[in-house]
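Residue numbers (the numbering used here), protein chains in the order written: chain E, 1 to 362; chain H, 1001 to 1355. Think of the CB as a built atom: it goes at the ideal place given N, C-alpha and C, for glycine as much as any other residue. Predicted model only: the values in this text are computed from it and were never measured. Worksheet for the structure shown next.
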Amino acid sequence: MSTTGLGGATSNGRLLEVTDVKTYFETDRGVVKSVDGVTFTLDRGKTLGIVGESGCGKTVLSRSIMGLLPKRGLVREGAIQFEGTDLIGLSDKDMREYWGAQMSMIFQDPMTSLNPVMKIGKQITESIRQHLDVTKEFAQELAESLLASVRIPEPQVRLKEYPHQLSGGMRQRVCIAVALACGPKLLFADEPTTALDVTVQAQVLDLMAQQQRERFMAMVLITHDLGVVAGRADEIAVMYAGRIVEKAKTSELFSDMKMPYTEALLSSIPKLADHSHTRLATIPGRPPDLVNPPLGCKFAPRCAYVQDRCREEEPPLQLASPGHEYRCWFPVGTPEGKDAFERNRRAGDVVATAALAQAETV
Amino acid sequence: MAGTGTAHLRGEGEAMLRVEDLVVEFPARNGMTVHAVSGISLDIVEGETMGLVGESGCGKSTTGRAIVQLPPPVSGSVRLDGTELTALEDETLRKLRPRLQMIFQDPISSLNPRRRVREIVSEGLDIWRVGDKASRKARVDEVLEAVGIDPANAGRRPHEFSGGQCQRISIARAVATEPKLIICDEPVSALDVSVQAQIINLLQDMKDRYGLTLVFIAHDLAVVKNVSDRIVVMYLGKMCEVGDPESIYERPSHPYTAALLAAIPEPDPSQRPDSQKVLGGEIPSPLAPPSGCRFRTRCPKAQERCAVEEPVLRKVDSNQFVACHFPLEPDEELEFAKVGIGATIGLDGDGTDLD
């Protein structure tokens, strides 16, 4: 809701509208449905957190929106409206106008996402010179002030250095500087701090939040850790097997989660407040194969609330309250959900424990 | 903080592993020296899990490796059940190796991609010709089963398994030779939270089943708290704080411990991240560590004394020891923002008003 920043005049406008986006890959094994019908919107200056395990499609979704996927065997459907323009039909040549200038991306591994044989300065000025009509000298100055703004000490020295001369945290700051160079309206951060130490993670996330406020930029923060997005996203979408299974305002998601998967993700995080040697709740098994996903609810094989209906019929997105959607027949915190959970526990944990043990050994 | 000392060590007879004044240095260019570990002392009682926590570059992995003599430390003593490992001949040490195992961070690159899982797990047993072929096979099946990998899949190669399963295989390999001590070097840092929980529970199960003693190295204090009986917080090759997890969490005495605790993202939106508590700057170079207390350049409580005199570990509670001249009072709040950033990055407190 912050109205500080450059984009005050156009505040609260819709920036991105993603409607029923599907992203499939045709492979020898069959069609991999990495993203299967995802819909969300993002307003200017807001942050959307996308959370899920490895292989849930969160990275493919962000790359699909940016048009950064290999074209071979790619099927991309649906609509991606960015400021009213549909990006799905655009060629790479047209997309080049968007990359860096309108939307950019920060990746997990700061070492491999920087060019190891190019000086830091060149990597930043490259896109400035591409998109903005400025002189080389001006681009240099801009790069220096960008490095200073991401709190890199001695920016004029660092501009002439190579990525290997910097620490991991510093490299990720450089990546942020590269991503911000042309003042994008939308920033995708794909696990930006997973490769970093906790202390550096906190620094980098704070830095991103500050830059976001100053530039009134929208952000999609992709992570597997609900802890990372808890205090930083306005809205959170939980993804599983290529779909959004729950989406809500951050506070509502944590206070009133409906989807058993969200609950399971949250309870598997070790909490500082727990005593040591507290047994952690786990999610047994692994996410489904996206070539042959289960028939009903995709999470059913790993779910503590599962009933027969879940295995046969996929739940549609339902509304818990305005802006809070979920996909579940027996949601957490409802009488039906409670019954289902109790039934599973009584039914003897024979099924439940067996399912658990089996899944663990898969 | 960031000091030395042995006040926290227990009786000579009690500990299974006793490390005293461990120093590891590596030669660097221009005749300089990397001071990776500078005087670490710790002890582990049989069946205990010792957590080593700190940022990258604090020397926690080097300490773990120096314990198993990979490479041997420059000075200091490592005694396992009374045997001084640093004094052993190569061949004697080699015979001891099956008792000392390691588990690494990246489960996929720590398994040989060209070998089958059965060969990987059985390698230690084959080298030492433990029992006959049939009993070795039975042992491999047993440990694979124990870590939750179907022995029927032992003919596959590592790339056919997920990251979490590869870490299970690494654990099976480590357990196979009936080790006394396993050094776990960031075993869950590369895994998803859901898989991380499975592996942490598995390590606990393995400990109960095989009576293992673990050194658990990680940078995430929440994870370390969960698995450990005793924690050593390290910074730039020195110890900051030693104690049992409950005390350290309830009442961190070292400013650095408090900073590590504050950096953990809690999955609770009502606790907005507080950037005032975020430790600024980066760990200084181990080529030229700061004089006195090594943490002083990032510490909001640093005084002149900290630059001159190195703090020594002293008792602050029945089971808590701290190496700091000015330890935190209970409920004392620290403001890191200005100190850290101003002191080490050269910006004068501007841009720190993130709220």
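Legend entry - Expected contact under 8 Å - CB spacing of V1019/H and E1025/H to nearest Å: With a Cβ gap of about 16 Å, V1019/H and E1025/H do not count as contacting.
Legend entry - Buried or exposed (CB count within 10 angstroms, at least 16 for buried), N1226/H: Burial call: buried.
Inset, instruction - Just the C-alpha distance for E1246/H and S276/E, rounded to the nearest angstrom, thanks. - result: Between the C-alpha atoms of E1246/H and S276/E there is a straight-line separation of about 7 Å.
Inset, instruction - Would you verify that the beta carbon of L1181/H is, or is not, closer than 8 Å to some beta carbon of chain E? - result: For L1181/H, the answer is no, since every Cβ of chain E falls outside 8 Å of its Cβ.
Legend entry - Local Cβ density within 10 Å of G100/E, reported as buried at 16 or more and exposed below that: Under this definition G100/E is a buried residue.
Inset, instruction - Keeping to the same chain, check which residues put their C-beta closer than 8 Å to that of K185/E; ignore five residues upstream and five downstream. - result: Cβ neighbours of K185/E within its own chain (closer than 8 Å, five residues either side excluded): G7, L15, R44, E83, Q102, M103, M217 and A218.
Inset, instruction - Find the nearest neighbour of E263/E within the set K122/E, K247/E, L272/E and A273/E, judged by alpha-carbon distance. - result: When only C-alpha atoms are compared, the closest one is K247/E.
Legend entry - Min CB distance D109/E to chain H below 8 Å: False, the Cβ-Cβ gap to chain H never drops below 8 Å.
Legend entry - At least three beta-carbon pairs within less than 8 Å, the region 1141-1160 of chain H to the region 1109-1120 of chain H: In the pairwise beta carbon analysis, the region 1141-1160 of chain H is classified as touching the region 1109-1120 of chain H: at least three pairs are separated by under 8 Å.
Legend entry - Limits of the unbroken beta strand (DSSP E) element including A1015/H: That run of the beta strand (DSSP E) goes A1015 to P1027.
Inset, instruction - Would you please state the rounded distance, in angstroms, between the beta carbons of L207/E and V150/E? I believe it to be under 8 Å. - result: That belief holds up - the Cβ atoms of L207/E and V150/E are roughly 6 Å apart, short of 8 Å.
Inset, instruction - In the DSSP assignment, find the unbroken beta strand (DSSP E) run with S1075/H in it and report its ends. - result: Residue range S1075 to L1080 is occupied by the beta strand (DSSP E) that includes S1075/H.
Legend entry - Contact set between L295/E and chain H, taken where Cβ atoms lie within less than 7 Å: Result: empty, since nearest Cβ-Cβ is about 23 Å, beyond 7 Å.
Inset, instruction - Less than 8 Å between the CB atoms is what I'm expecting for T47/E and S1194/H, so what's the real figure, rounded? - result: 23 Å between Cβ atoms; not a contact.
Legend entry - Element boundaries [alpha helix (DSSP H), containing I1168/H]: Correcting the residue type first, residue 1168/H is Arg in the shown sequence and not Ile. Note, R1168/H: alpha helix (DSSP H), G1163 to A1176.
Legend entry - Check whether G231/E and L290/E have beta carbons under 8 Å apart: For G231/E and L290/E, no; Cβs fall outside 8 Å.
Legend entry - Any C-beta of chain E under 8 Å from that of N1030/H: By this cut-off, N1030/H is not an interface position.
Legend entry - Straight-line gap, D225/E to D1268/H (C-alpha atoms, nearest Å): Using only the alpha carbons, I get a separation of about 12 Å.
Legend entry - Reference T19/E, options V31/E, L280/E, E26/E and V35/E, closest by Cα: The shortest C-alpha separation from T19/E is found at V35/E.
Inset, instruction - Return no unless some Cβ of chain E is closer than 8 Å to the Cβ of E1160/H. - result: The beta-carbon of E1160/H is placed no less than 8 Å from the nearest beta-carbon of chain E.
Inset, instruction - Could you give the DSSP three-state label for S276/E: helix, strand or coil? - result: Correct three-state label for S276/E: coil.
Legend entry - Residue burial classification, M1032/H (beta-carbon count within 10 angstroms, cutoff 16): By the neighbour-count criterion, in which 16 or more other beta carbons inside 10 Å mark a residue as buried, M1032/H falls on the exposed side.
Inset, instruction - In angstroms with no decimal places, state the Cα-to-Cα distance between V1232/H and H1219/H. - result: Cα to Cα, V1232/H sits roughly 11 Å from H1219/H.
Inset, instruction - Flag T41/E as yes if its beta-carbon sits less than 8 Å from any beta-carbon of chain H, otherwise no. - result: Taking Cβ atoms only, chain H never reaches closer than 8 Å to T41/E, which makes this a no.
Legend entry - Whole-number beta carbon distance between G169/E and K249/E, since they are thought to touch under 8 Å: Actually they do not touch by this definition, with Cβ atoms about 31 Å apart.
Inset, instruction - Answer yes if the region 1312-1326 of chain H comes into contact with the region 1077-1094 of chain H, meaning at least three C-beta pairs across the two stretches below 8 Å, and no otherwise. - result: Flag = no, the region 1077-1094 of chain H and the region 1312-1326 of chain H do not touch.
Legend entry - Per-residue contacts from Q201/E into chain H (C-beta, under 8 Å): At a C-beta separation below 8 Å, Q201/E has these neighbours in chain H: A1263 and P1265.
Legend entry - Unbroken beta strand (DSSP E) run spanning A181/E, endpoints: Looking at the DSSP string, A181/E is not in any beta strand (DSSP E), and its letter there is neither H nor E.
Inset, instruction - Specify whether the region 1100-1110 of chain H and the region 1168-1186 of chain H touch according to this definition: at least 3 beta carbon pairs, one from each stretch, less than 8 Å apart. - result: Between the region 1100-1110 of chain H and the region 1168-1186 of chain H there are three or more C-beta pairs closer than 8 Å, enough to call the two in contact.
Inset, instruction - Could you tell me whether the Cβ of N1319/H comes closer than 8 Å to any Cβ of chain E? - result: The beta-carbon of N1319/H is placed no less than 8 Å from the nearest beta-carbon of chain E.
Legend entry - 8 Å Cβ cutoff met for L159/E and E144/E: Yes.
Legend entry - S1270/H burial status per 10 Å Cβ neighbour count (16 or more: buried): Per the 10 Å Cβ criterion, exposed.
Inset, instruction - Give the straight-line distance between the Cα atoms of H1008/H and L1313/H, rounded to the nearest whole angstrom. - result: Their backbone Cα atoms lie some 7 Å apart in a straight line.
Inset, instruction - Under 8 Å between beta-carbons, which chain H residues line up against G341/E? List them in chain order, please. - result: Contrary to the premise, residue 341/E reads as Phe rather than Gly in this sequence. Per Cβ cutoff of 8 Å: no residues; F341/E is ~19 Å from chain H at best.
Legend entry - Separation of Q172/E from R1094/H, as counted between CA atoms: If you take the alpha carbons of R1094/H and Q172/E, they lie about 41 Å apart.
Legend entry - Spatial distance of R345/E from P335/E (CA atoms): Near 15 Å, if we compare the C-alpha coordinates of P335/E and R345/E.
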